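**Q**
Numbering (our numbering), first residue to last: 3 to 654.
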């Protein structure tokens, strides 16, 4: 029976395995520090395998800063923390597929690496802008020198991390600290994205260019999509000569598979009807078949017999003869369509003759829902809604301003409980461009949970079943702040309450497409491992201590804590159905109708083990010291081998 790791996956070890599969000769063994050996990469051999030439110099085009290597190493560092379920703070615990994760987002991202690997369609984050006034996530891996800690404000008087520390421009590592904060989080976030996934990041000009360089490194230059300016306010007081009234939304894809769902056209020119309207919609006439700005081609300069008339490109038959005689400009009159395309278009109703003054001209119809496309055998009519391209100026409308964000918050709270919330319209528009169905949308700087509200609203409007994952550091609201006066202890309390109130408003409105939207959410809180960390030297052990050491589980942990810890360890999602039942004197927990069955009782009798095995779960978990005796523990494997040979068994 295997032991559960109860820690995040070792990304470095996985990367080494991948390199070894491609270049076996580059894998070596090195001491692991515990008397054994581990796989490692011989980088000199790897360099030889990847290059036909020897580099003449160490110079290279790269983006770096103080602490970059430590930041990259932090993304690979294993965490032994866990996420503890909080049903009492959740809404619709048994049925919801949404998550609210409370805790430091770097650790949370590590814990989700297996359960949500390649599962998230869209990430939107609004990280600290590094203005010198807002707090920055001061990760402990940055603090490698005690001398640097003194006087920096990283820690308060009691030695705790000071999350409200200012990162002023006079700080020794003003930009470096911010880059080191973002780098590992983006590295881990990329792993969670689907191959067609996309990430949007709100940022101002203080760190815009640094952020773009980091993203180019993490996601690849080729996966840069756009940088959208967003209006923050139309006017207002400023002490500066230039009023900064916009910030940015930076967009990167996971790969070349990233795409957008383009919005429907807003053109009001479709006003003509014909016999095809039921299928094609209305049409407009805004293009003649002939143009004088096209590169001249003899094959596009031909006569057309139509409705008793002969038509030529351009103003007259005489000009047509001149062109045919070779007297034409580089760009001159010609038809936009080849003869074959014209014949297909005319036969299928895409051509109409209209008289303008004394002269008749040929026009092409542009339908709302139909167009001609080329096929291997010629041409065909394709039916689809016309769309418009997404403009980089999409968010300069006041609808996306901070003023609008404040108005939205005041719909749920009597006072302004959050200073820098983004308008719901922003993540809602981004989700509308990139997600459909039951796609997952994540925000790991979720703040007041505007993204969660956006997801619920969008689902109500289009009948989608999108799911959200919110993650937020529980920063304390000061007693003198508006949030503190309103009774909120942390930012997480504000975010969770906003989701509740926004969901309640949607349900009361009763206006949605399809089934009622999922307005619930499961709350989990980041905490230390469910396992005890006990280290004693051999001489410290005594007989009286052995009984205490039998249970390796922390005393304050419940079965539910252990169950969800196992889900993370096994890489299973946190939102599937769970039910508990009594089996004799034991409690068994069934996850996702048999995906996993767990029993964490002590002294589990053989008949209970047989019943669990008879249900043939895909996975089974027990306590390491949860059997009546040693023979019973050894017998577990044999019982499952007979009754459920395909079940994977582990112990904690």
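For every residue, glycine included, the Cβ atom is placed at its ideal position computed from N, Cα and C. In this text the structure is predicted, and so the values were computed from the model without any measurement.
Could you pull out every unbroken beta strand (DSSP E) segment of at least 3 residues lying fully inside the stretch 299-378, listed in chain order?
**A** Here the runs fully enclosed are 306-308, 311-313, 333-337, 353-358, 361-369, 372-377.
**Q** What are the start and end residues of each continuous alpha helix (DSSP H) run of 4 or more residues lying completely inside the stretch 464-545, in chain order?
**A** Taking only runs of at least 4 residues, the alpha helix (DSSP H) segments lying wholly in the stretch 464-545 are 484-487, 493-511.
**Q** Could you tell me the distance, in whole angstroms, from the CA atom of residue 286 to the CA atom of residue 432?
**A** Translated into the one-based positions of the chain shown, residue 286 becomes position 284. Translated into the one-based positions of the chain shown, residue 432 becomes position 430. Roughly 30 angstroms between the two C-alpha positions.
**Q** Count the other CB atoms within 10 Å of the CB of residue 1; is the residue buried (16 or more) or exposed (fewer)?
**A** This structure cannot speak to residue 1, because the chain is shown only from 3 to 654.
**Q** Kindly identify the DSSP beta-bridge partner or partners of residue 292.
**A** The sequence position of residue 292 within the chain shown is 290, counting from 1. Bridge partners of residue 292: 337.
**Q** What whole-angstrom Cβ distance do residue 254 and residue 227 have, given they're in contact under 8 angstroms?
**A** Within the chain shown, numbered from 1, the residue matching residue 254 stands at position 252. Within the chain shown, numbered from 1, the residue matching residue 227 stands at position 225. The Cβ separation is near 6 angstroms, so the contact holds.
**Q** How many Å lie between residue 590 and residue 601 at the Cα?
**A** Within the chain shown, numbered from 1, the residue matching residue 590 stands at position 588. Within the chain shown, numbered from 1, the residue matching residue 601 stands at position 599. For residue 590 and residue 601, the distance between alpha carbons rounds to 5 angstroms.
**Q** Contact defined as beta carbons within less than 8 angstroms: I believe residue 194 pairs with residue 121. What is the distance between those atoms, to the nearest angstrom?
**A** Residue mapping note: residue 194 aligns to position 192 of the chain shown, counting from 1. Residue mapping note: residue 121 aligns to position 119 of the chain shown, counting from 1. Correct: roughly 7 angstroms between the Cβ atoms.
**Q** Indicate the three-state DSSP secondary structure (helix, strand or coil) for residue 267 in the structure shown.
**A** Position 265 of the chain shown, counted from the first residue, corresponds to residue 267. Residue 267: coil per DSSP, three-state reduction.
**Q** In terms of residues, what are the limits of the alpha helix (DSSP H) holding residue 192?
**A** The sequence position of residue 192 within the chain shown is 190, counting from 1. From DSSP, the alpha helix (DSSP H) with residue 192 extends over 176-194.
**Q** Beta-carbon separation of residue 132 and residue 187 under 8 angstroms?
**A** By 1-based counting over the chain shown, the position of residue 132 is 130. By 1-based counting over the chain shown, the position of residue 187 is 185. Taking 8 angstroms as the Cβ cut-off, residue 132 and residue 187 do not qualify as a contacting pair.
**Q** Given a cut-off of 8 angstroms, decide if residue 288 and residue 368 are closer than it, judged by their beta-carbon atoms.
**A** Taking the first residue of the chain shown as 1, we reach residue 368 at position 366. Taking the first residue of the chain shown as 1, we reach residue 288 at position 286. It is a contact, given that the beta carbons lie within the stated cut-off.
**Q** What is the DSSP secondary structure of residue 420, reduced to helix, strand or coil?
**A** Numbered from 1 along the chain shown, position 418 holds the residue referred to as residue 420. Here residue 420 sits in coil by DSSP.
**Q** Going by beta carbon distance, what residues of the same chain come within less than 6 angstroms of residue 351, once the five residues before and after it are set aside?
**A** Mapped onto the chain shown, residue 351 falls at position 349. The answer, listed in chain order, is 278.
**Q** Just how far apart, CA to CA, sit residue 620 and residue 596?
**A** The residue given as residue 620 occupies position 618 in the chain shown. The residue given as residue 596 occupies position 594 in the chain shown. About 7 angstroms.
**Q** Quick check on the DSSP output: the alpha helix (DSSP H) that includes residue 658 runs from which residue to which?
**A** Because the chain in this structure spans residues 3 to 654, residue 658 falls outside the shown range and cannot be described.
**Q** For residue 50, which option in 41, 62, 25 has the closest C-alpha, if you only look at C-alpha atoms?
**A** Locating residue 50 in the chain shown gives position 48, counting from the first residue. Measuring from the Cα of residue 50, the nearest candidate turns out to be 25.
**Q** To which residues of the same chain is residue 398 closer than 8 angstroms at the C-beta, ignoring the five residues directly before and after it?
**A** Position 396 of the chain shown holds residue 398. Here the set comprises 231, 232, 233, 248.
**Q** Under 8 angstroms by Cβ, that's how I've got residue 588 and residue 606 pegged, so tell me the actual separation to the nearest angstrom.
**A** The sequence position of residue 588 within the chain shown is 586, counting from 1. The sequence position of residue 606 within the chain shown is 604, counting from 1. That belief holds up - the Cβ atoms of residue 588 and residue 606 are roughly 6 angstroms apart, short of 8 angstroms.
**Q** Determine the direct distance from the alpha carbon of residue 468 to that of residue 456, and round the result to whole angstroms.
**A** The residue you call residue 456 lines up with position 454 of the chain shown. The residue you call residue 468 lines up with position 466 of the chain shown. Going from the Cα of residue 456 to the Cα of residue 468 covers about 10 angstroms.
**Q** Could you tell me which of 573, 640, 298, 535 sits nearest to residue 2, measuring between CA atoms?
**A** Nothing about residue 2 can be read from this structure; the chain reaches only from 3 to 654.
**Q** Is the beta carbon of residue 117 less than 8 angstroms from the beta carbon of residue 565?
**A** Sequence index remark: in the chain shown, residue 117 carries index 115 (1-based). Sequence index remark: in the chain shown, residue 565 carries index 563 (1-based). Cβ atoms of residue 117 and residue 565: not closer than 8 angstroms.
**Q** Is the stretch 82-100 in contact with the stretch 512-525, if contact means three or more CB pairs nearer than 8 angstroms?
**A** Output reads yes: the stretch 512-525 touches the stretch 82-100.
**Q** Take residue 417 and list the residues in its own chain whose beta-carbon comes closer than 8 angstroms to its own, dropping the five residues that flank it on each side.
**A** Within the chain shown, numbered from 1, the residue matching residue 417 stands at position 415. Closer than 8 angstroms at Cβ, skipping near neighbours: 484, 487, 488.
**Q** With distances taken from CA atoms, which of 208, 44, 315, 257 is nearest residue 223?
**A** Taking the chain shown and counting its residues from 1, the one referred to as residue 223 is at position 221. Checked all of 208, 44, 315, 257; the closest Cα to residue 223 is 257.
**Q** Where does residue 297 land, buried or exposed, given buried means 16+ other C-beta within 10 angstroms?
**A** Residue mapping note: residue 297 aligns to position 295 of the chain shown, counting from 1. Answer is exposed; the Cβ neighbour count stays below 16.
**Q** Return the residue from the list 250, 236, 646 that minimises the CA-CA distance to residue 622.
**A** Counting from 1 along the chain shown, the entry for residue 622 is found at position 620. With distances taken between Cα atoms, residue 622 lies closest to 646.
**Q** Please confirm whether residue 404 and residue 284 have their CB atoms less than 8 angstroms apart.
**A** For the purposes of this step, residue 404 is taken as the residue at position 402 of the chain shown. For the purposes of this step, residue 284 is taken as the residue at position 282 of the chain shown. Not closer than 8 angstroms, so no.
**Q** Would you identify the three-state DSSP class for residue 627, choosing helix, strand or coil?
**A** By one-based count along the chain shown, residue 627 stands at place 625. Coil at residue 627, not helix or strand.
**Q** Where do the N-terminal and C-terminal ends of the alpha helix (DSSP H) with residue 210 fall, by residue?
**A** Counting from 1 along the chain shown, the entry for residue 210 is found at position 208. Segment 210-221, the alpha helix (DSSP H) holding residue 210.
**Q** The alpha helix (DSSP H) with residue 380 in it runs from where to where?
**A** As a working mapping, residue 380 is identified with position 378 in the chain shown. It is not in any alpha helix (DSSP H) - residue 380 instead sits in the beta strand (DSSP E) that spans 380-385.
**Q** For my contact list, residue 128 and residue 80 are in at a C-beta cut-off of 8 angstroms; report their separation, rounded to the angstrom.
**A** Walking along the chain shown from the start, residue 128 turns up at place 126. Walking along the chain shown from the start, residue 80 turns up at place 78. About 28 angstroms; that fails the 8 angstroms criterion.
**Q** On the three-state DSSP scale, how would you describe residue 101?
**A** On the chain shown, position 99 is the one that residue 101 refers to. Residue 101 falls in the strand class under three-state DSSP.
**Q** Note down the Cα distance separating residue 229 from residue 265, rounded to an integer number of angstroms.
**A** By 1-based counting over the chain shown, the position of residue 229 is 227. By 1-based counting over the chain shown, the position of residue 265 is 263. Those two C-alpha atoms are separated by around 18 angstroms.
**Q** Residues in its own chain within less than 6 angstroms of residue 592 by CB, not counting five upstream and five downstream?
**A** Stepping through the chain shown from its first residue, residue 592 is reached at position 590. Taken in chain order, the residues that qualify are 581, 599.
**Q** What residue from 372, 505, 219, 103 has the CA that sits closest to residue 70's CA?
**A** For the purposes of this step, residue 70 is taken as residue 68 along the chain shown, with counting starting at 1. The shortest C-alpha separation from residue 70 is found at 219.
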